[in-house]
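S.K.:
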Amino acid sequence: MSKGQFDKAFNELTHRRREVLIKFLAGETDEAIAKSLNITKATVRQHIRDICEEFGLKNEFPDQRYSKRADLIALFQRYKPDFVVSKTPIETAILEQRTKKSVPDKNFVGRERAIAHLNDFDSQGAKVILIQAKGGVGKTTLARNYLQQKFGFYIEFPIAKETENITPIESLLEERLRQLNEEPGREFGVSLERFRQKLQTERIGVLIDNLEPALDENCKLIKPHRRYVELLRVLTDLSLQSLTLITSRDRLREADVSLRYYWHHCAKTGKLYSKELMLTSTL
Ligand SMILES: Nc1ncnc2c1ncn2[C@@H]1O[C@H](COP(=O)(O)OP(=O)(O)OP(=O)(O)O)[C@@H](O)[C@H]1O
Ligand SMILES: [Mg+2]
Numbered sequence: 033m034s035k036g037q038f039d040k041a042f043n044e045l046t047h048r049r050r051e052v053l054i055k056f057l058a059g060e061t062d063e064a065i066a067k068s069l070n071i072t073k074a075t076v077r078q079h080i081r082d083i084c085e086e087f088g089l090k091n092e093f094p095d096q097r098y099s100k101r102a103d104l105i106a107l108f109q110r111y112k113p114d115f116v117v118s119k120t121p122i123e124t125a126i127l128e129q130r131t132k133k134s135v136p137d138k139n140f141v142g143r144e145r146a147i148a149h150l151n152d153f154d155s156q157g158a159k160v161i162l163i164q165a166k167g168g169v170g171k172t173t174l175a176r177n178y179l180q181q182k183f184g185f186y187i188e189f190p191i192a193k194e195t196e197n198i199t200p201i202e203s204l205l206e207e208r209l210r211q212l213n214e215e216p217g218r219e220f221g222v223s224l225e226r227f228r229q230k231l232q233t234e235r236i237g238v239l240i241d242n243l244e245p246a247l248d249e250n251c252k253l254i255k256p257h258r259r260y261v262e263l264l265r266v267l268t269d270l271s272l273q274s275l276t277l278i279t280s281r282d283r284l285r286e287a288d289v290s291l292r293y294y295w296h297h298c299a300k301t302g303k304l305y306s307k308e309l310m311l312t313s314t315l
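First residue of the sequence shown? That's 33 in our numbering, and the numbers climb one at a time after it.
#1: On the criterion of 16 or more Cβ atoms from any shown chain inside 10 Å, does Ala66 qualify as buried, or is it exposed?
#2: Whole angstroms is fine: what's the gap from Tyr260's alpha carbon to Val116's?
#3: For the pair the region 81 to 88 and the region 59 to 73, tell me if three or more CB-CB distances fall below 8 Å.
#4: I want to check one thing, is the minimum distance from the CB of Thr75 to the heavy atoms of ligand 1 below 7 Å?
#5: Going by DSSP, which residues form a beta bridge with Val238?
#6: Does the CB of Val261 have a neighbour CB from chain C at under 8 Å?
#7: Cβ of Ile163 within 8 Å of Cβ of Leu284?
#8: Taking only three categories from DSSP, how would you classify Arg49?
#9: Please report the distance separating the alpha-carbon of Leu247 from that of Asn213.
#10: According to the neighbour-count rule (16 or more other Cβ atoms, all chains shown, within 10 Å of its Cβ), is Glu60 buried or exposed?
#11: Let me check you understand the geometry: is the CB of Phe140 closer than 7 Å to at least one non-hydrogen atom of ligand 1?
#12: Exposed or buried, what is Glu63 when buried is set at 16 or more other beta-carbons lying within 10 Å of its beta-carbon?
#13: Could you tell me the alpha carbon to alpha carbon distance between Phe56 and Pro113, rounded to whole angstroms?
#14: Can you check the region 176 to 233 for any alpha helix (DSSP H) of at least 4 residues that lies completely inside it and give the ranges in chain order?
#15: Could you spell out where the beta strand (DSSP E) holding Gln164 opens and where it closes?
#16: Excluding sequence positions up to five away, which residues of its chain have a Cβ less than 7 Å from the Cβ of Lys133?
#17: Quick one: give me the first and last residue of the alpha helix (DSSP H) that Thr312 is part of.
#18: Using alpha carbons as the reference points, say which of Thr276, Leu264, Thr279 lies closest to Ala287.
#19: Taking the C-alpha atoms as reference points, what is the distance between Glu202 and Leu275?
#20: In the DSSP assignment, the alpha helix (DSSP H) including Ala41 goes from what residue to what residue?
#21: Pull up the distance between the alpha-carbon of Gly170 and that of Ser99, whole angstroms please.
#22: By a C-beta neighbour count over all protein chains shown, 10 Å radius and 16 as the cutoff for buried, is Lys230 buried or exposed?
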């Protein structure tokens, strides 16, 4: 099979077959693939047989006596070797997201200006950007769409809707470390250090959503949740490859997290745009 034929077959795969294929090439068992995609093992096997056929690997024996799986792997080793080396679950997740047929989110409109500013901050080396505006303006929607498009994969720290329900950072961080395939430490400091190291090696997006219930009237993290400042301090580390977006209705004023403000003013009246999102970054 030529490279051109290979590319054509690859591009014509359905979304579901791609998902199966990437997991299969990453060395996942049929059982694990079935579980993660919520389908049966028999369906996984059927998908793999169909994929083989799409790549011209027809089984000449109707009873599937000889599986073409090894040939499929060999084909990818030749044309797309990145897909074959064994991967951590997060690498597989990133790969899946990146190769998804890009279906634009039809519900996400506008925001070109905010996206341009986010890109500016990012290219200037900002590590943490605060997206601040009043309720319901579209902060979370922008942050999720931006991170999804930029990184293909991001992890989220949902803070809370109300002050009473704030998720303690210790348990949230443990969960996120596991999501990144890292073992949390027994102490918070150890977990935090592991998280830092992970973000030094992998370029992923981080979203801290709805920070305001954890802020007091002076825009500081409230007493029971001061440890969020430690997380923020890590996220501003210049050696990281990650980019963190925080959404909040209120400003954040922590001495340890120095933020540079960026305001949108209307060129005519000099007033702040009421519906604009204000962006602030660690620069
Ligand atoms: N750019 C957009 N295009 C289309 N719909 C949007 C856009 N931004 C926001 N929305 C819609 O507006 C609603 C509110 O958006 P979102 O939840 O992002 O606001 P928010 O600023 O995060 O609010 P809150 O302060 O309550 O957290 C959602 O239903 C969302 O789908
Ligand atoms: Mg929100």
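All residues carry an ideal CB built from backbone N, CA and C; glycine is no exception.
M.R.: If we stick to the structure as given:
#1: As a first step, residue 66 must be located in the sequence shown, where it is residue number 34. Per the 10 Å Cβ criterion, buried.
#2: The residue given as residue 260 occupies position 228 in the sequence shown. The residue given as residue 116 occupies position 84 in the sequence shown. Each residue's Cα considered, the two are about 39 Å apart.
#3: no
#4: If you number the sequence shown from 1, residue 75 lands on position 43. For ligand 1, not one heavy atom lies less than 7 Å from the Cβ of Thr75.
#5: In the sequence shown, the residue the question calls residue 238 occupies position 206. According to DSSP, Val238 bridges with Ile187, Thr276.
#6: You won't find chain C in this structure, because it holds only one protein chain.
#7: If you number the sequence shown from 1, residue 163 lands on position 131. If you number the sequence shown from 1, residue 284 lands on position 252. It is not a contact, given that the beta carbons lie outside the stated cut-off.
#8: For the purposes of this step, residue 49 is taken as residue 17 along the sequence shown, with counting starting at 1. In this structure, Arg49 counts as helix in the three-state DSSP scheme.
#9: Within the sequence shown, residue 247 is the residue found at index 215, counting from 1. Within the sequence shown, residue 213 is the residue found at index 181, counting from 1. Looking at the two C-alpha atoms, the distance is approximately 31 Å.
#10: Along the sequence shown, read from residue 1 onward, the residue named residue 60 stands at position 28. Its Cβ being crowded by 16 or more others within 10 Å, Glu60 is buried.
#11: In the sequence shown, the residue the question calls residue 140 occupies position 108. At least one heavy atom of ligand 1 is nearer than 7 Å to the Cβ of Phe140, so yes.
#12: Start at 1 with the first residue of the sequence shown, and residue 63 comes out as number 31. With fewer than 16 Cβ atoms within 10 Å of its Cβ, Glu63 is classed as exposed.
#13: On the sequence shown, position 24 is the one that residue 56 refers to. On the sequence shown, position 81 is the one that residue 113 refers to. Computed Cα separation, rounded: 13 Å.
#14: 201 to 211, 220 to 233
#15: Position 132 of the sequence shown, counted from the start, is the residue given in the question as residue 164. First-last of the beta strand (DSSP E) with Gln164: 160 to 164.
#16: Position 101 of the sequence shown holds residue 133. Interpretation of Lys133 is limited by its pLDDT of 49, a score under 50 that renders its predicted location unreliable; the figure taken from the coordinates is listed afterwards. Result list for Lys133: His47, in chain order.
#17: For the purposes of this step, residue 312 is taken as residue 280 along the sequence shown, with counting starting at 1. Element bounds for Thr312: not the alpha helix (DSSP H) but the beta strand (DSSP E), 310 to 313.
#18: The residue labelled residue 287 in the question sits at position 255 within the sequence shown. Checking every option, the nearest Cα to that of Ala287 belongs to Leu264.
#19: Taking the first residue of the sequence shown as 1, we reach residue 202 at position 170. Taking the first residue of the sequence shown as 1, we reach residue 275 at position 243. Near 21 Å, if we compare the C-alpha coordinates of Leu275 and Glu202.
#20: Reading the sequence shown from its first residue, position 9 is the one you call residue 41. Run containing Ala41: 35 to 43, per the alpha helix (DSSP H) assignment.
#21: Here residue 170 refers to the residue found at position 138 when the sequence shown is read from its first residue. Here residue 99 refers to the residue found at position 67 when the sequence shown is read from its first residue. Cα to Cα, Gly170 sits roughly 50 Å from Ser99.
#22: Along the sequence shown, one-based indexing puts residue 230 at 198. Label assigned to Lys230: buried.
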